[in-house]
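Residue numbers (the numbering used here): 101 to 445. These notes concern the structure reproduced below.
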DNA sequence: CCCTATCCTGCCT
DNA sequence: AGGCAGGATAGG
């Protein structure tokens, strides 16, 4: 039933990688610990990491997979016999993470303290359509609600892939489905708020101005700068979302999304002089990105994800260890805000 | 260039 | 019942 290949946790740490906010659809199976499932490219996938191996199996009722637009780096479509190859591509296993960790540790003392507790954190190579629209949903939201919204997109505009144990699993919707008339109204009704307009408008924009999702895939072949410039021309896509898409699905390893978490990390540990800023200006945004790119090199975006995940994990641990520590952290943040305001005045 | 207000909603306190 | 969240945008 399960197939597998060898893969150490120092290479891939599924527990973190699948749940750190790169991708919003991986769910841990409550009955099978350390097991996750998700629909990718027309199939329902189950993954399990154990004993230096990654186990996997897939299901699909329909032949949706034959119509999916996904291409492996080799340029081939995925078929049943190529599932391992697909996973190696999805996890980008040709990239030697321990070696990169070594490099980043030498460049950054702060990083070297993380490397033992947070090993095996790497970028997934996601589908650009799912990646783009998930991150349009992400603005002014937390992971939990982003996941809920993404799921609603799939339920309402995706295809049924497989039904098992009373649960229907859907694919992520196509660009065409999201650009159909009435989508904005429907999404508003479903609780997307002002993001409804952006989702519909971006889908339509790509369809009419660029001729469909092929344009998105082709951004993989363009430079980081070019791809970024193209993406921010979409409605609802600013520098941060564009960098997420560049990094997570367009093979731009140097792209560094600066969200409020990374902003805090940068102020705290690397660029304290930016504390004078009230908001993340375009200039500061670039300064932070350039700083990390200079320090970490070609795969700076991947290094950023390690910093980010470590910070996120700490925060979640605080949360689950009781409300006391959460309150304390919140209070700390409030105090900081107040003192900051005073300084400005 | 920097700053501010506004956009929606659910989840949290 | 009010604050706020893994932002984007328009306008001053």
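Every residue gets a Cβ at the ideal spot worked out from N, C-alpha and C, and that includes glycine.
Inset, instruction - Let me know the secondary structure DSSP gives residue 128 once reduced to three states. - result: The residue you call residue 128 lines up with position 28 of the first chain. DSSP places residue 128 in strand when its eight states are reduced to three.
Inset, instruction - Work out the CA separation of residue 278 and residue 293 for me, nearest whole Å. - result: For the purposes of this step, residue 293 is taken as the residue at position 193 of the first chain. For the purposes of this step, residue 278 is taken as the residue at position 178 of the first chain. When rounded, the distance between both Cα atoms is 16 Å.
Inset, instruction - Can you grab the Cα-Cα spacing for the pair residue 123 / residue 231, in whole Å? - result: Position 23 of the first chain, counted from the start, is the residue given in the question as residue 123. Position 131 of the first chain, counted from the start, is the residue given in the question as residue 231. Distance from the CA of residue 123 to the CA of residue 231, rounded to the nearest whole angstrom, comes to 7 Å.
Inset, instruction - Take every Cβ of the stretch 337–357, pair it with every Cβ of the stretch 232–242, and state whether three or more of those distances are shorter than 8 Å. - result: Yes, they touch.
Legend entry - Exposure label - residue 166; buried when at least 16 CB within 10 Å: For the purposes of this step, residue 166 is identified with residue 66 of the first chain, where counting begins at 1. Unreliable placement is indicated for residue 166, whose pLDDT of 45 sits below 50; the coordinate value is still reported in the next sentence. Its Cβ having fewer than 16 others within 10 Å, residue 166 is exposed.
Legend entry - Collapsed DSSP secondary structure at residue 105 in the structure displayed: Start at 1 with the first residue of the first chain, and residue 105 comes out as number 5. In this structure, residue 105 counts as strand in the three-state DSSP scheme.
Inset, instruction - Report buried or exposed for residue 134, applying the criterion of at least 16 other Cβ atoms within 10 angstroms of its Cβ. - result: Residue 134 sits at position 34 when you count from the first residue of the first chain. Per the 10 Å Cβ criterion, exposed.
Legend entry - Where residue 405 sits in the DSSP three-state scheme: On the first chain, position 305 is the one that residue 405 refers to. In the three-state DSSP reduction, residue 405 falls in the helix class (H, G or I).
Legend entry - Backbone secondary structure at residue 341 - three-state DSSP: Position 241 of the first chain, counting from 1, holds the residue named residue 341. In the three-state scheme derived from DSSP, where H, G and I count as helix and E and B as strand, residue 341 is classed as helix.
Legend entry - Exposure of residue 103, with buried meaning 16 or more beta-carbon neighbours within 10 Å: Position 3 of the first chain holds residue 103. Around the C-beta of residue 103, fewer than 16 other C-beta atoms lie within 10 Å, and the residue is accordingly described as exposed.
Legend entry - For residue 239, three-class secondary structure by DSSP: Stepping through the first chain from its first residue, residue 239 is reached at position 139. Note: residue 239 maps to coil in three-state DSSP.
Inset, instruction - Give the DSSP-derived three-state secondary structure of residue 138 in the structure shown. - result: To locate residue 138, count along the first chain from 1; it is residue 38. Residue 138: strand per DSSP, three-state reduction.
Legend entry - Segment contact flag, the stretch 110–123 with the stretch 205–225, C-beta cutoff 8 Å, min 3 pairs: Three or more Cβ pairs closer than 8 Å define a contact, and the stretch 110–123 meets that threshold against the stretch 205–225.
Legend entry - At least three beta-carbon pairs within less than 8 Å, the stretch 312–332 to the stretch 359–366: No, because fewer than three Cβ pairs between the stretch 312–332 and the stretch 359–366 fall closer than 8 Å, the two stretches do not touch.
Inset, instruction - List the endpoints of the continuous alpha helix (DSSP H) containing residue 373. - result: Mapped onto the first chain, residue 373 falls at position 273. Where residue 373 is concerned, there is no enclosing alpha helix (DSSP H), given that its DSSP letter is neither H nor E.
Inset, instruction - Would you check if the distance between the CB atom of residue 399 and the CB atom of residue 353 is smaller than 7 Å? - result: By one-based count along the first chain, residue 399 stands at place 299. By one-based count along the first chain, residue 353 stands at place 253. For the 7 Å CB-CB criterion, residue 399 and residue 353 form a contact.
Inset, instruction - Tell me whether the beta-carbon of residue 290 lies closer than 7 Å to the beta-carbon of residue 252. - result: For the purposes of this step, residue 290 is taken as the residue at position 190 of the first chain. For the purposes of this step, residue 252 is taken as the residue at position 152 of the first chain. The beta carbons of residue 290 and residue 252 sit closer together than 7 Å.
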